[in-house]
Amino acid sequence: MKEKILSILAEVAETQEVFTQPDLALYDLQILDSMKTVELIVALGRELGVEVSPAEFEREAWATPAKLVADVEKRLSA
88 MKEKILSILA EVAETQEVFT QPDLALYDLQ ILDSMKTVEL IVALGRELGV EVSPAEFERE
148 AWATPAKLVA DVEKRLSA
């Protein structure tokens with residue numbers, strides 16, 4: 088599942104660095120912004136069936152690829 092989540096992230100973020108740098112600061116380095124976050128939420132819903140409401144989204148939970156994977160896996164197992 089981790090590879091699939093990272094693949095979706097890499098496509099939206101337009102960088103393969105997410106595969107090799109689990110602690111990459113996605114927002115601090117402006118790899119993700121508000122528009123790309125919405126695009127990522129939609130892609131995760133479409134590809135994995137995980138539902139993330141923009142109202143319940145926490146930027147800190149998706150601050151790095153590793154944190155994003157952990158959060159999405161937690162949502163999928165809930």
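For the sequence shown, this note's numbering gives the first residue as 88, with consecutive numbering after it.
The C-beta atom is built at its ideal place from N, Cα and C for all residues, glycine as well.
{"Query": "Looking at the unbroken alpha helix (DSSP H) that takes in Met-122, where does it start and where does it end?", "Result": "121-135"}
{"Query": "Which value, in whole angstroms, describes the spacing of the CA atoms of Gln-108 and Thr-102?", "Result": "11 Å"}
{"Query": "Going along the chain, which residues of its own chain have a beta-carbon closer than 8 Å to the beta-carbon of Lys-91, five neighbours each way excluded?", "Result": "Glu-134, Leu-135"}
{"Query": "Can you tell me which of the three DSSP states Val-139 falls into?", "Result": "coil"}
{"Query": "Give me the Cα-Cα distance between Ala-150 and Val-139, rounded to the nearest whole angstrom.", "Result": "15 Å"}
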